[in-house]
Structure formats: structure tokens, C-alpha cells
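One structure is given below, encoded as C-alpha cells.
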Amino acid sequence: MSLFEEIQNTNIEDSTDYPNLNTLSKSIQAGQQILELSASKENLKHHDVIIISIYRKVLEQADGLFILLDHDSNSAARSTFRTLYETSIGMQFIFEKENLLENRANSYYVSYMHEQLTWAKEAMKTEELSGIYTKEELKEKVAKFKSSLSYEPLKSVNKAWHKEKAKLERKNKHFPPKWYSLYEGAGNFTHLASRFEATHRLLYAGYSLETHGFTALQNIVNDEGTKKQLLTPLRNCHSGYDTLCQLGRSILNLCSSLMVIRYCPEVKHEFSEFLDSGDQ
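As C-alpha cells, then:
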């Protein structure tokens, strides 16, 4: 039996009524297999661990999307899809150029460390977290974060991060650089996404409205019989349900394909058959 054959033969309980949710479930299960296989490889380098961690986040977000759709929580599902979309674009950026892959993955880590540094230093100043961390514990965290950036392969990436930060400050922009702005990246997410998705502007803008809580009026419906305005139920299966299932599955399968090609090419044929099956 192939790695994905059992998944192909397993369906969710109400698969007949919700075929698109069923195929999303299968893609998530296949992704879990790919994640475990990738993580089990020997001699993984620092950037490999980062990439595998990002892929795990993609899986986690896709799984969250499945759970929310399964419970007809459409508003939360749209917000979750947006985060899934953002993470997948970041993955595609890392994989875009082989010669920059290592530095781009490490820039994700370096930027995260700087966020942690900012958080720890701010906590030391304000003492808002004094009930959770002592000042000494926060100092130790700062020292640990700084130390992690002082050795290769992160040292050179950290230097590039500081160079980009200085460039922003010269333009009177006093905020840290985006991790994807380094190594031939983009200054904002919209520009980055334009490299990988033809419909990114409409896709991202539409789901961003939900994330920012700007779609409340969509929950008002007019009753033609009574001429009254009513609120839709908190949980209901709406017209965008299948679209979210299909988009979520497509994004996850794309990220899974990137992982298979790089980390587990031995199952490339099996995974291709899985994607070509009627369920996908």
C-alpha cells in the first residue's frame, strides 16, 4: 500500500453532503505524512528546520480552516484562510530561488528573534509582565536572543537585517523590516504576493476585510415578506463555503508539493498519483 492510499480510501462522516470538505481533509492528512517524513530526514540544517516549521504552520492553519468550516463558523474561517494564504506566500518566497533559499529561511528566524528582543526589552521597561517573568529572567532571554544571532549562518543574515533597518530609518520609517523584504524580497505583502498569485489583490483584499472586522453589514439580510432586516445565524453554511474549501486545499497541496520535491522526492510519484486522483 502506498503512503497515501489509505488516505484516499478514508472519508469524513458526511462526505456525500460535503465533498469539498472531504477533499480538504484528505489533503491535510497527506500533509501530515509529508511533514513527518520531512522531519525524519537526517542531517537537517538550521534553515531546513525553519522551512519544516513553516510548513507545519501551513498545516495547522489548514486544519483550523477545516474545523471552522465543519462547524459552519464562516467569519472565523475567512480570517483563518487569510493567515493560511499569507504563510503560503512566505513559503513560496523561500522556495522561489534555490541560491537564496537558505538566507531567506534564516531571515524568517532572524526577524522573529528581533521581535522577541523587542518584546523582552519592552517588558523590562514597563514591568507589565512582572507577575510572569522576573527582571533577571527577561535579561536572560535578551542575552539568549542576542547570542543566537551572533553566529553563522545567522550572523550574516542579521547584518543584512540591520542594513535594511537603517535604510528604512533614513526614509523616516521607524519600524523593523519585514523578513521577506531581505534577499530580493518585497517591501510589503501585496507586492510579494503579486509574484505568485494572479488574483492576489482581490483575494487578499476580500479576506482582509473580514480579518479587520469590516464585514459586519454582510450579516444583515432583508426579509422580502415582512420587509424587516434580520441578522444571519452565527453558524450557517453560506455560498462561499465551497470556495474556501477549494482554495484551502489548493494552497495546502501547493506547499506540500514544494516539500515533497525538496525533502522527500522518494514519494513524488505517489503524491502525484494522490493529487491526480478523483478526490483531488
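Residues 120 to 399 in the working numbering are what the sequence shown lists, from first letter to last. Glycine included, C-beta positions come from ideal geometry on N, C-alpha and C.
Where the alpha helix (DSSP H) containing residue i begins and where it ends
{"i": "residue 209", "result": "193 to 215"}
{"i": "residue 168", "result": "165 to 189"}
{"i": "residue 264", "result": "254 to 267"}
{"i": "residue 227", "result": "220 to 245"}
{"i": "residue 308", "result": "308 to 312"}
{"i": "residue 146", "result": "138 to 158"}
{"i": "residue 285", "result": "273 to 289"}
Straight-line Cα distance separating residue j from residue i
{"i": "residue 256", "j": "residue 238", "result": "13 Å"}
{"i": "residue 310", "j": "residue 369", "result": "21 Å"}
{"i": "residue 426", "j": "residue 250", "result": "In the structure as shown, the chain starts at 120 and stops at 399, and residue 426 therefore has no counterpart that could be examined."}
{"i": "residue 191", "j": "residue 274", "result": "47 Å"}
{"i": "residue 382", "j": "residue 170", "result": "10 Å"}
{"i": "residue 263", "j": "residue 172", "result": "20 Å"}
{"i": "residue 292", "j": "residue 280", "result": "15 Å"}
{"i": "residue 365", "j": "residue 387", "result": "22 Å"}
{"i": "residue 178", "j": "residue 147", "result": "7 Å"}
{"i": "residue 127", "j": "residue 393", "result": "7 Å"}
{"i": "residue 200", "j": "residue 174", "result": "15 Å"}
{"i": "residue 258", "j": "residue 205", "result": "33 Å"}
{"i": "residue 226", "j": "residue 241", "result": "22 Å"}
{"i": "residue 271", "j": "residue 284", "result": "20 Å"}
{"i": "residue 312", "j": "residue 306", "result": "11 Å"}
{"i": "residue 151", "j": "residue 252", "result": "35 Å"}
{"i": "residue 140", "j": "residue 396", "result": "16 Å"}
{"i": "residue 234", "j": "residue 373", "result": "29 Å"}
{"i": "residue 161", "j": "residue 176", "result": "21 Å"}
Check whether residue i and residue j have beta carbons under 9 Å apart
{"i": "residue 390", "j": "residue 149", "result": "yes"}
{"i": "residue 416", "j": "residue 371", "result": "Residue 416 cannot be examined here, being either before or after the span of the chain that is shown, 120 to 399."}
{"i": "residue 138", "j": "residue 230", "result": "no"}
{"i": "residue 224", "j": "residue 203", "result": "no"}
{"i": "residue 208", "j": "residue 123", "result": "no"}
{"i": "residue 145", "j": "residue 135", "result": "no"}
{"i": "residue 236", "j": "residue 261", "result": "yes"}
{"i": "residue 363", "j": "residue 156", "result": "no"}
{"i": "residue 268", "j": "residue 232", "result": "yes"}
Buried versus exposed, by CB contacts within 10 Å (16 or more), residue i
{"i": "residue 153", "result": "buried"}
{"i": "residue 121", "result": "exposed"}
{"i": "residue 294", "result": "exposed"}
The stretch 220 to 227 contacting the stretch 163 to 182, beta-carbon criterion three pairs below 8 Å: yes
Cβ contact check for the stretch 372 to 392 and the stretch 201 to 214: 3 or more pairs under 8 Å: yes
Contact between the stretch 243 to 254 and the stretch 181 to 200 (3+ Cβ pairs under 8 Å): no
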